[in-house]
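Those protein sequence lines, which keep their order, are chains A and B.
1 is the number of the first residue of the first sequence in the working numbering; add one for each residue after it.
1001 is the number of the first residue of the second sequence in the working numbering; add one for each residue after it.
There are 2 protein chains.
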Amino acid sequence: MSELKGYNVAVVGATGAVGQKMLETLEKKDFPIGQLLLLSSSRSAGTKINFKGETYTVQEAKPESFEGVQIALFSAGGSVSKALAHEAVSRGAVVVDNTSAFRMDPDVPLVVPEVNEIDIEKHNGIIANPNCSTIQMVAALKPIQDAHGLNRVMVSTYQAVSGAGAEAVEELTDLSQAFLNGEDLDPELLPVKGEKKHYPIAFNAIPQIDVFQENGYTFEEMKMINETKKILHDTELSVAATCVRLPFFTSHAESVYIEVDDTNVTVQDLQRLIEEAPGVVLEDDPANQVYPTPLSAVGKSDVFVGRIRKDPDHPNGFHLWVVSDNLLKGAAWNSVQIAESLIKNNWL
Amino acid sequence: MSELKGYNVAVVGATGAVGQKMLETLEKKDFPIGQLLLLSSSRSAGTKINFKGETYTVQEAKPESFEGVQIALFSAGGSVSKALAHEAVSRGAVVVDNTSAFRMDPDVPLVVPEVNEIDIEKHNGIIANPNCSTIQMVAALKPIQDAHGLNRVMVSTYQAVSGAGAEAVEELTDLSQAFLNGEDLDPELLPVKGEKKHYPIAFNAIPQIDVFQENGYTFEEMKMINETKKILHDTELSVAATCVRLPFFTSHAESVYIEVDDTNVTVQDLQRLIEEAPGVVLEDDPANQVYPTPLSAVGKSDVFVGRIRKDPDHPNGFHLWVVSDNLLKGAAWNSVQIAESLIKNNWL
């Protein structure tokens, strides 16, 4: 009976912001779970978590924890994935990793199921879940790439603090209240935990997400640039990105500019493609002020697209405004989709 | 003595958010004022305002109010400017208009003094102050255009609520506190006063500033596109814009992407140009997390530029992050600069 009931699943980083959403998503989507194992750092071990009416105790993640595990969903930071993902694989698990540890590894598929599900088949035990801001963008761009070709992508992001974890959510809450009270702001976390300088996120915008690279780009920007090319299977695609942290809690928004290969493409063509694409919802009616916002996307699995416009100064240029819940499609839901695909296609 | 003391100045819209900043700026810059006349709608007439230790009573703006006025700074909305600017001119005043009423009129110079001061000389009584988000962008782009040529500009904005007036500031304050208290949000003003739909700005992003045009762009976006070409004297310049309202009070930020004409331009070249340009301050040191933010620019007259990067995928492409106080350089200070230029150059 337990065989029929489902698969042995481990969630690594079960107490984190994304881990919590993974559990909610597994429950909501009624994922076929045999045994569920909740793992974390030693610091969070012992935490009690409720799942489908049963109470689970979070255990410290160790190599031997993965004995008997079939699917391991990792979301506990890159260092944990680097230390334990191969240990899990060597014990027979397939790892869906939500960190940046393996994303650009040529042996690791980087997958958004609506875009490149077929890449999952070639896995060697690890499938990487892309960066949140990349996922929602490529989900919107894929149908356009397929229909009209794509040679250029330029994105400026409007990213929620929950992408920096539960502590960042707390910092936005606390600093916002302090600001409204007329008190001094004393930021300690954002833009990046452990960095030398911190800037207040309350009623502000911080043009730094993750650490700076030698070339002046942040790691978040380089993730968007490199991951987009890998997922869309086009190393020649020109991608430019600026990533900005903003004072809202959930859902990333993106101002995306694209140039398609075909000429004579219309706004209506793109609207129809978005409307028909899986996992993507068109919310685009300027005359009635219909467009997505971060707040309107919270708690939803889909990617929302609006404000599609043609560039009057460039024959093949279009704008899109792309919004999605960064914790769901941007993280937990995309990981669970990959796990569902592993089962459905017998790719475990 | 009164002749030597200064000029007769009228501030139209003296009780508004920008009007207040105009008075602060006139005081701070010690503008040579003979008689000061504070004007407003009949609704705000009677308000008492302090200027340099004297109390002034705001009077209702009427055609005959402008008798004897030499310089009239208008900032009371487009309809007031349309009704009264020509009345002021016919009575001998030179009007500096901070609304969109005359900006694209070919007979009206549209001026950012650091960029195209010389255009002021050709005025026929009215000089238009550009849109706030346009001013800061062209101030940063002008030295680059002069040195290396400019053929493309793409901007995504991060705009403060004070651009929508004092009521919008109040709405952000009230809705933010309501959100933190876990109360329902009941937006009544933003994105646009008088529009059918309103979206909460607290902990959100609204991709609509001003009303939608037939082509799917907002009026704010079309202002940026058209005004940039006019101020930079280049009708062939390709300009693309997406304008977004965000939950902070003051200073607009802009993610600007440009393509220059010259090849082999370096980041250091652009940094040097920005450093030497008037009214523009370079804040760009990624290794030490130095970049401008909206909060860091509040109350300052300059335009701040950081995050200058070369596009690895396009030989002539660069990113810039441009921040300025939307009420000062974006409105009051630019208007006062125009008035100063009128006097200094004997162009009254």
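Just so you know, even glycine gets a beta-carbon here, dropped at the ideal spot from N, CA and C.
### Query
Who are the neighbours of Lys196(A) on chain B, taking C-beta pairs under 7 Å?
Chain B residues near Lys196(A): Gln1289.
### Task
Would you kindly work out how many angstroms separate the C-alpha atoms of Ala178(A) and Ser1176(B), rounded to a whole number?
12 Å
### C-beta contact flag for Gln1136(B) and Gln208(A) at 9 Å
no
### Task
Counting only runs of 3+ residues fully inside the stretch 47–130 of chain A, write out the beta strand (DSSP E) ranges in chain order.
48–51, 54–57, 71–74, 94–97 and 126–128
### Query
Candidates Pro1109(B), Val1281(B) and Ile1225(B): which alpha carbon is nearest Ala1140(B)'s?
Val1281(B)
### Query
Residues of chain A with CB under 7 Å from Asp1311(B), in chain order?
Ala240
### Task
Using a Cβ-Cβ cut-off of 9 Å, state whether Ile1206(B) counts as contacting chain A.
yes
### Task
Could you work out which residue in Leu1270(B), Asp1186(B) and Ser1042(B) is closest to Gly1149(B) when comparing CA atoms only?
Leu1270(B)
### Limits of the unbroken alpha helix (DSSP H) element including Gly1019(B)
Ala1017 to Lys1028
### Task
Assign Lys1062(B) to buried or exposed, taking buried as 16 or more other Cβ atoms, counted over all protein chains shown, within 10 Å of its Cβ.
exposed
### Task
State the start and end residues of the unbroken alpha helix (DSSP H) segment that holds Trp1333(B).
Trp1333 to Lys1344
### Query
With 9 Å set as the bound, which would you pick, yes or no: does the beta-carbon of Leu1246(B) sit closer than that to a beta-carbon of chain A?
yes
#### Entry: Nearest candidate by alpha-carbon position, reference Val1244(B), set Val1192(B), Ala1297(B), Phe1318(B) and Glu1236(B)
Ranked by Cα distance from Val1244(B), the first of Val1192(B), Ala1297(B), Phe1318(B) and Glu1236(B) is Val1192(B).
### Message
For chain A, check one thing: does any of its Cβ atoms lie closer than 9 Å to the Cβ of Arg1307(B)?
### Response
Cβ-Cβ to chain A under 9 Å: yes for Arg1307(B).
### Message
Considering only the alpha carbon of each residue, which of Ser1090(B), His1086(B) and Ala1093(B) lies closest to Ala1101(B)?
### Response
His1086(B)
### Query
Taking contact to mean at least 3 C-beta pairs separated by less than 8 Å, is the stretch 197–214 of chain A in contact with the stretch 1245–1259 of chain B?
yes
### Query
In chain A, which residues lie with their C-beta within 9 Å of the C-beta of Thr1173(B)?
Taking a Cβ-Cβ threshold of 9 Å, the residues of chain A close to Thr1173(B) are Leu180, in chain order.
### Task
Spell out whether any CB of chain B is found under 9 Å from the CB atom of Tyr7(A).
no
### Cβ-based neighbour list, Val1058(B), same chain, cut-off 8 Å, excluding 5 preceding and 5 following
Same-chain partners within the cutoff: Ala1014, Thr1015, Leu1038, Leu1039, Ser1040, Ser1044, Ala1045, Gly1046, Thr1047, Lys1048 and Ile1049.
### Task
On the DSSP bridge assignment, give the partners of Arg309(A) in chain order.
His319(A)
### Task
Find out if the Cβ-Cβ distance for the pair Ala1072(B), Val1108(B) is shorter than 9 Å.
Taking the C-beta atoms as reference points, Val1108(B) is found no nearer than 9 Å to Ala1072(B).
### Query
Who are the neighbours of Gly1317(B) on chain A, taking C-beta pairs under 7 Å?
Ala240
### Task
If I'm right that Glu283(A) touches Gly306(A) with Cβ under 8 Å, what's the distance once you round it to whole angstroms?
5 Å
### Query
With a cut-off of 8 Å, do at least 3 Cβ pairs link the stretch 109–118 of chain A to the stretch 338–347 of chain A?
yes
### Query
Closest to Ile343(A) by CA distance: which of Glu24(A), Ile120(A) and Asp174(A) is it?
When each option's Cα is compared against that of Ile343(A), the closest is Ile120(A).
#### Entry: First through last residue of the alpha helix (DSSP H) which encompasses Arg272(A)
Val267 to Glu276
### Query
Per DSSP, which one or two residues make a beta bridge with His1252(B)?
Ser1324(B)
### Task
Give me the Cβ distance between Trp321(A) and Ser301(A), rounded to the nearest whole Å; I'm assuming they're in contact under 8 Å.
That belief does not hold up - the Cβ atoms of Trp321(A) and Ser301(A) are roughly 19 Å apart, past 8 Å.
### Query
Since Met154(A) sits in a beta bridge, which residues does DSSP pair it with?
DSSP lists Ala240(A) and Tyr257(A) as partners of Met154(A).
### Task
Compare the C-beta of Ile1225(B) against all C-beta atoms of chain A and say whether one is closer than 9 Å.
yes
### Query
What residues in the stretch 147–167 of chain A have a beta carbon less than 7 Å from any beta carbon of chain B?
So the list reads Met154, Ser156 and Tyr158, given in the order they occur along the chain.
### Message
Is there a Cβ of chain B sitting closer than 9 Å to that of Gln337(A), yes or no?
### Response
no
### Message
Give me the subset of the stretch 1251–1272 of chain B whose CB atoms are less than 8 Å from a CB atom of chain A, sorted by chain position.
### Response
Ala1253, Ser1255, Tyr1257 and Val1267
### Query
Between Thr1293(B) and chain A, is there a C-beta pair that is closer than 9 Å?
yes
### Task
Would you verify that the beta carbon of His1314(B) is, or is not, closer than 9 Å to some beta carbon of chain A?
yes
### Per DSSP, cross-strand counterpart(s) of Gln1213(B)
According to DSSP, which records beta bridges pairwise, Gln1213(B) is partnered with nothing at all.
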